[in-house]
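Q: If you scroll down you'll find the structure; I have some questions about it.
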Amino acid sequence: MKIQGKMFIWLSVFVLAMAIVYGVWSKEPAGTTALFLAFGLCIMIGYYLAFTARRVDAGAQDNDEAEVSDDAGELGFFSPHSWQPLSLGVGGALAFLGVVFGWWLLYFSAPVILIGLFGWVFEYYRGENRTQ
130 MKIQGKMFIW
140 LSVFVLAMAI
150 VYGVWSKEPA
160 GTTALFLAFG
170 LCIMIGYYLA
180 FTARRVDAGA
190 QDNDEAEVSD
200 DAGELGFFSP
210 HSWQPLSLGV
220 GGALAFLGVV
230 FGWWLLYFSA
240 PVILIGLFGW
250 VFEYYRGENR
260 TQ
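Below, the structure is given as structure tokens:
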């Protein structure tokens, strides 16, 4: 994590320099504000990674002599299959179509979104995946 923290801190320095140069030359407030906000985001991520790197063991990416296989292992648990994201996607699409065609379409999209959300949250409490 040390390397990632340093990368984001150096990226934030670069974004700050570009924000200052862009603000002076363009005198355009929206882009300058966006660049300063990007600087803030980069510095937050860089600080978090550098702060966390001091409290955890060094990973394989922090060792210059490490091999690719040193970082191998289990990455986590991923759902083998789920229909809930499809339900959420359809509900979200209907909701955004409601902005275009009329707010009445939200009455149809809200139940689809809620069914998908509750199904996703409680996916491993019922059905065939209950024991996973």
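Numbering-wise, the sequence shown is residues 130 to 261 according to the numbering used here. C-beta atoms are modelled at their ideal positions from N, C-alpha and C, and glycine is treated no differently. Quick caveat, the model's predicted, so the values are computed rather than measured.
1) In chain order, what residues of the same chain lie with their CB nearer than 8 angstroms to the CB of S211, ignoring the 5 residues before and after it?
2) Grab me the residues of R259's own chain with a C-beta within less than 7 angstroms of its C-beta, minus the 5 sequence neighbours each way, in chain order.
3) Is the segment 199–208 close to the segment 168–178, with three or more CB pairs under 8 angstroms?
4) G152 lies in the alpha helix (DSSP H); which residues open and close that run?
5) Are the CB atoms of A222 and L235 within a distance shorter than 7 angstroms?
A: For this structure:
1) W249, E252
2) These residues qualify, in order along the chain: Y253.
3) no
4) 131–155
5) no
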